[in-house]
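Residue numbers 1 to 514, in my numbering, belong to the letters of the sequence shown in order. Even for Gly, the Cβ is constructed at its ideal location relative to N, Cα and C. Owing to the predicted nature of the structure, the values given are computational and were not obtained by experimental measurement. Structure first, commentary second.
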Amino acid sequence: MTSRRAYLAALVVVLLAGASLRVVHLGRPALCCDEFYDAFAAHSWLDGRGFNVPGREYTRARLMVLATAASFTAFGRHEWSARLPALVFGLLTLGATWWMARALFGRGAALAAVALVAISPDAIDISRFARLYAPLTFFVLIAAVASFETIERGPRWPLWGVAALSAELLATHFHPVALTLGAAVCLYAAVMSAAALARRDWLSSAWSGAIAIGILAVAVAAAQLPSVRATFVRAALEPLPWYRPTPGGAWVHHVYLRDEYGWLWIAVWAATAVAIARAGRAGLFVALAFWVPFALISIVVATKHHRYTLFLLPFAWVMLGVAVATIAGWWRSAAARRYRVPVAAAAAMLVATGGPAAFPSFAAASHRPWRMTGPFATGFYHDWRGAAAAIGPLLPPDALIVSDQWHASMYYLHRPSMRLYPADRDAAAGDWETISRRADIIVQHAPELVNAQSQRPIWVVVSEGRWQRPGYYDPALVAFVRRNCRPAALPPSATLVACDCTLRTMYSARTAMH
């Protein structure tokens, strides 16, 4: 009874800590980056104009847009209410992680796994980001558990199959990368079919084999549809502007996770073997559910941003939880008594030497929710609220904003905007987000700024990180701003550069650009 109470107390503490890190100051940072898509589309829906962002129809993850619209209706249009649906799914993911690990590996592994998810900075970020990543993570977890149970329990439990298919369809609605889970399930079903065939279990072999063949048949049939095929070809061949693939380039997903979690991420590789050896079929399934999608996304998806694999992290933490539970079980055994002292010494040395490598991740988990600035795992962060308060009163009534973040300038500064792009980039190829966008003008040459400047006052507001990135902007645009614009004073926490180009002064804004 005491052990049960201690376990429940520890679980409650972990869940409360995870919830607190996701809830605290939810509306403090300004909306950023892709959050504007959901906010604009939700505003459009509530105003009776359908799913639209400025200049075009918005078709991605419409259930999330509807959830955002419902939150706006119930609580008003605020940053925190825009993020409320993601928060709900982030909290549900904590419960789903515990449920999956408890069902497959036991309560010790479940406690360790949910603790890792609770303090994972990426899990915290996507739970505080008004975007599709939190529901994607939740439904992929549900689809994975239901798929495993469908294969293991056989045809006498059809509801598991219905749950698996429903959750997978919902996850795919939020983002097509969820389909990579199907490859892992297909591979696991094929392995189980072969294993059952080897032991002459004909019924189990036929059931698992039918599932593997069914998944392959659906994939082949879907690939015959031109729209589906075009989507995957585009995902494989058309990177977004900020990603330039190079032969032999590193997997950015691995590099990011290594830098973010240090030895904790490296331990996941070892924990994979422990989970398979300790838990057999369940361990193999979770290992495949993590590594197969991870490899497919890392190799195939041209836009290799680390955010496309963040929904897989609960599987990694579950495997690590299995390893922790295995070590804890061995530690309590009689056979471990004679080894406890040297093992404790080795563990202390490992923590002392490897602990600092993991410190950035724990520091991010404990500090990021309280900060006004700082990048989300899913993209950049820009203090548009602070910039609007600083330069809003200075803007002439007919001012035109030239920016790399067109949506933010329209949302926070309530001004029409033009968008800065390099002169040598074709906006219709390689940046599909800009196709048919008529609400903003794509500025690709410095003379366009000169012409626009002769008609109305211009302010240039750009993200500092991108402005300093070589090759992101056309040098002529940068030179124009430095020659003809004056920097505006922004708050110390600002992550933006704002320049007044209203007057044709020869003021150098070089200091504001660095």
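Ala377 is positioned such that its CB atom lies no closer than 8 Å to that of Leu490. Per the C-alpha coordinates, the member of His78, Tyr133, Leu111 positioned closest to Leu63 is Tyr133. For secondary structure counted as the alpha helix (DSSP H) over 4 or more consecutive residues, the stretch 155 to 240 holds these complete runs in sequence order: 158 to 174, 180 to 198, 202 to 223, 226 to 237. For Gly108, the closest of His25, Ala323, Ala488, Asp398 by C-alpha to C-alpha distance is Ala323.
Shown here for Leu94: same chain residues with a beta carbon closer than 7 Å to its own, the five before and five after excluded, namely Leu15, Gly18, Val114, Val117, Ala118 in chain order. Around the beta carbon of Gln224, fewer than 16 other beta carbons sit within 10 angstroms, so the residue counts as exposed.
Minimum Cα-Cα distance from Phe290 among the listed residues Ser417, Gly465, Ala144 corresponds to Ala144. Straight through space, the alpha carbons of Leu395 and Arg482 are spaced by roughly 19 Å. Under the DSSP assignment, Arg419 falls in the beta strand (DSSP E) whose first and last residues are 417 to 420. Taking a contact as a CB-CB distance under 8 Å, the pair Leu187 and Val24 does not count as one, their CB atoms being some 40 Å apart. For Leu490, there is no enclosing beta strand (DSSP E), as DSSP marks it with neither H nor E. A straight-line Cα-Cα distance of about 6 Å links Phe294 and Thr309. For Leu496, the enclosing beta strand (DSSP E) has its first and last residue at 496 to 500. Contact between the stretch 295 to 308 and the stretch 174 to 190 is present: three or more C-beta pairs spanning the two stretches fall below 8 Å.
Rounded to whole angstroms, Leu288 and Ala184 show a C-alpha spacing of 5 Å. Rounded to the nearest whole angstrom, the CA to CA distance from Pro85 to Gly76 is 14 Å.
Membership of Ser463 in the beta strand (DSSP E) is indicated by the continuous run 458 to 463. Where Ser403 is concerned, there is no enclosing alpha helix (DSSP H), although the beta strand (DSSP E) around it starts and stops at 400 to 403. Judged by their CB atoms, Ala42 and Phe72 are nearer to each other than the 8 Å cut-off.
Burial state of His414 is exposed, judged by a 10 Å Cβ sphere holding fewer than 16 other Cβ atoms. By the neighbour-count criterion, in which 16 or more other beta carbons inside 10 Å mark a residue as buried, Pro155 falls on the exposed side.
Going by DSSP, Asp34 is part of no alpha helix (DSSP H) at all; its letter is neither H nor E. Around Ile276, the same chain offers Gly283, Leu284, Ala287 as residues with beta carbons nearer than 8 Å, after the five sequence neighbours per side are excluded. In this structure, Gly90 lies near Ala123, with their beta-carbon atoms less than 8 Å apart. The Cβ atoms of Pro314 and Leu170 lie no closer than 8 Å to each other. Setting aside the 5 residues that flank it on each side, Val65 is surrounded in the same chain by Asp38, Ala41, Ala42, Trp45, Phe51, Tyr58, each with a C-beta closer than 8 Å to its C-beta; the list follows chain order. Scanning its chain for C-beta atoms nearer than 6 Å, with the 5 sequence neighbours on each side dropped, one finds around His78 the residues Gly27, in chain order. Exclusion of the five residues before and after Asp398 leaves Arg456 as the residues of its chain whose Cβ lies within less than 6 Å of its Cβ.
Per DSSP, the continuous alpha helix (DSSP H) segment holding Ala74 begins and ends at 62 to 75. Here Ile299 is exposed. Its C-beta has fewer than 16 other C-beta atoms within 10 Å. Counting of Cβ neighbours within 10 angstroms places Leu159 among the exposed residues, the total staying below 16. Pro29 and Val233 have their C-alpha atoms spaced approximately 36 Å apart.
Within the model, the alpha-carbon separation for Trp157 versus Ala146 is close to 11 Å.
Only residues of its own chain outside the window of five on either side were considered, and among them Ser204, Ser205, Ser208 have a CB closer than 7 Å to the CB of Ala196, listed in chain order. Here Thr272 is buried: its Cβ has 16 or more other Cβ atoms, across all protein chains shown, within 10 Å. For Tyr412, the enclosing alpha helix (DSSP H) has its first and last residue at 406 to 412.
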